[in-house]
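Going down the list, the protein sequences come from chains A and B. Under the numbering used here, the first residue of the first sequence carries the number 38, and numbering increases by one thereafter. Under the numbering used here, the first residue of the second sequence carries the number 669, and numbering increases by one thereafter. Note that beta-carbon positions come from the ideal geometry of N, C-alpha and C, so glycine has one too. The block underneath contains the structure these notes are about, expressed in structure tokens.
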Amino acid sequence: MRNPGWRQRVPALLVGLGVLGVVGSSCVGEPPPGNPPNPAPDRAVFEQTIYPVLLRDCAFPDCHGDPDPADVMGDPYPEGRFFRVHGPGRSRLAAETGISAPLVPEEVEAAYQRSISMLASTNDCDTSLFVGKPLEVDQGGMPHRGADKNGRNLYPNKQNYTFRVLRAWACGEPIPPPPAPGVTP
Amino acid sequence: MPLSLREVSRWALAAALVLGGVPSAHAFTTMASFNKAAIEGGGGGRHFTGSPRDGQDCSVCHRGGTEPTVMVTGLPEEGFDVERSYTFDFRWAGDFLGAILVEVVDGEGRGAGTMAALAPGELSPEETCAAGGGGIVVALNDQRQVIGTDACGLSRLRARWTAPNTGIEQINVYASFVAGNRSADPRGDGVILLKRAFPIRGGSARGPQVGSGCQAAPSSGQGAPWAALGFLSTALVLRRRRLLRRGQ
């Protein structure tokens with residue numbers, strides 16, 4: 038049996054396909070050369086060094102640790118952010134885990150998987166979402182809603198120690214030694 | 669038989685419940701928790717005063733509650749004098765568990781002057797925790813010093829700040845306050861951030877000016893673009909729902 042309304046839907050379908058085409062072409066751009074596989078940076082270094090940084094700097098309930106993506110507190114991302122970090126003292130991966138309960142291995146694994154996904158957006162770690170998002174735009178970073186109370190991105194420049202740590206892990210380089218005591222990390 | 673880390677944690681929690689009653693499940697109820705490693709549930713060194721070297725204030729975690737009022741006196745309203753001591757006096761009242769973090773920095777975000785807690789003999793009852801003690805000073809990198817309180821039921825913090833003797837022309841005072849609702853998480857807590865700039869006596873201040881001298885006011889400003897985004901997304905959702913309804 039023919040659907041009597043299909044003729045009315047054709048124009049909307051065509052418009053939809055057109056929009057998809059425009060959005061797709063503007064978001065995806067040129068495919069990376071050679072279609073490289075997802076990077077797999079060191080898992081142990083992530084757990085020991087990177088995850089604590091993500092917990093400290095990203096996993097706030099107002100940021101990438103939103104405990105309730107569908108909450109009613111005016112979150113402009115009701116579907117939840119893609120990049121999410123959970124852990125002790127923050128929102129937990131499982132709702133039944135107490136906020137102060139010890140670290141759950143699944144939380145590290147989830148953060149690791151999301152982090153390497155943030156690296157898979159490009160063929161160059163320096164232009165990946167993971168490296169670019171927390172860096173100031175005028176220093177080569179990317180737009181990031183995570184501006185602080187002073188309107189700045191997480192890391193002011195590429196010399197910032199924490200940024201260098203994140204980048205080193207993302208790019209498969211040795212983690213740089215910490216700065217001397219008393220120096221801004 | 670050796671116990672695993674998880675088993676030890678469970679036993680420790682059980683012991684805490686038995687010995688100390690139900691502990692607050694809130695992660696940042698003490699000043700010490702801000703210096704605790706992030707992987708252990710601490711701040712990893714961040715203190716959330718809202719000052720430039722930290723960036724965030726309490727509202728990055730706590731939200732949803734009624735905005736509290738904090739009365740402030742003792743700030744150098746006429747400009748500060750070199751090496752003179754000032755006693756900042758923060759007071760709050762209400763059916764909540766208040767906690768405050770205060771910091772004084774220069775234009776670059778480095779610590780300015782020295783901060784000290786009052787001696788035990790100077791503390792009034794409303795600024796003394798049941799277990800003793802009041803304001804706690806923590807030293808950080810870049811000469812920064814943060815004074816704050818545990819969330820132990822206080823309603824007052826006095827901080828003794830001594831102006832620097834170097835060539836600092838202006839100081840910026842940051843005070844971040846949480847009115848906790850005694851729940852197990854940061855939801856439902858009220859937050860307020862005070863930002864004030866004071867020049868050396870005879871100078872003129874530029875920079876953060878949020879909150880009057882005697883009463884902290886809401887942090888200003890940067891919500892407008894997000895409000896616009898919120899309106900836009902709401903409009904899109906409503907439009908989608910309308911279209912779906914028509915389609916049915």
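State buried or exposed for residue i, treating a residue as buried only when at least 16 other CB atoms are found within 10 Å of its CB.
i: A/G177; result: exposed
i: A/A217; result: exposed
i: A/P214; result: exposed
i: B/D774; result: buried
i: A/P68; result: With a pLDDT of 47 at A/P68, under the threshold of 50, the modelled position of that residue is not reliable, and the figure given next carries that caveat. Burial call: exposed.
i: A/E144; result: buried
i: A/V174; result: exposed
i: A/F119; result: exposed
i: A/Q85; result: exposed
i: B/E795; result: buried
i: A/R121; result: buried
i: B/T834; result: exposed
i: B/P793; result: exposed
i: A/D161; result: exposed
i: B/R850; result: exposed
i: B/G779; result: buried
Mapping DSSP to helix, strand and coil, what is residue i?
i: A/V90; result: helix
i: B/D853; result: coil
i: B/L822; result: coil
i: B/G858; result: strand
i: A/L166; result: helix
i: B/V750; result: coil
i: A/R80; result: helix
i: B/G732; result: strand
i: A/A138; result: coil
i: A/I212; result: coil
i: B/P793; result: helix
i: A/A131; result: coil
i: B/V690; result: Bear in mind that the predicted position of B/V690 carries a pLDDT of just 34, short of 50, making it too unreliable to give a figure here.
i: B/A798; result: coil
i: A/R182; result: coil
For residue i, report the span of its alpha helix (DSSP H) as first-last.
i: A/V145; result: P142 to L156
i: A/A207; result: Y198 to A207
i: B/S701; result: A700 to N703
Go to residue i, then tell me how far its beta strand (DSSP E) extends in each direction, as first and last residue.
i: B/F758; result: S753 to W760
i: B/S844; result: Q838 to G848
i: B/L769; result: L765 to V773
i: B/Q784; result: Going by the sequence as given, residue 784 of chain B is Ala instead of Gln. Residues T782 to A785.
Would a check of beta-carbon distances place residue i closer than 8 Å to chain A?
i: B/S852; result: For the sequence presented, residue 852 of chain B should be read as Ala rather than Ser. So, interface residue.
i: B/A705; result: yes
i: B/R714; result: yes
i: B/V917; result: Residue 917 of chain B lies beyond the residue range present for chain B, which begins at 669 and ends at 916; the question has no answer from this structure.
i: B/Q838; result: no
i: B/P736; result: no
i: B/Q813; result: no
i: B/R864; result: no
i: B/E708; result: yes
i: B/G718; result: yes
i: B/L765; result: no
So if DSSP puts residue i in a beta bridge, which residue, or which two residues, is it bridged to?
i: B/Q813; result: B/A807
i: B/D725; result: B/T717
i: B/P744; result: Beta-bridge pairing links B/P744 to no other residue.
i: A/P218; result: Beta-bridge pairing links A/P218 to no other residue.
i: B/R828; result: B/T755 and B/A784
i: B/I868; result: B/F748
i: A/G177; result: In DSSP, A/G177 forms no bridge with anything.
i: B/G779; result: B/V773
i: A/L172; result: A/Y192
When the cut-off is 8 Å and only beta carbons count, does residue i lie next to chain B?
i: A/Y88; result: yes
i: A/N187; result: yes
i: A/F97; result: yes
i: A/P125; result: yes
i: A/S137; result: yes
i: A/L130; result: no
i: A/R151; result: no
i: A/I212; result: no
i: A/R201; result: no
i: A/V65; result: Any reading at A/V65 is ruled out, since the residue's pLDDT is 49, under 50, leaving its predicted position unreliable.
i: A/L172; result: no
i: A/R93; result: yes
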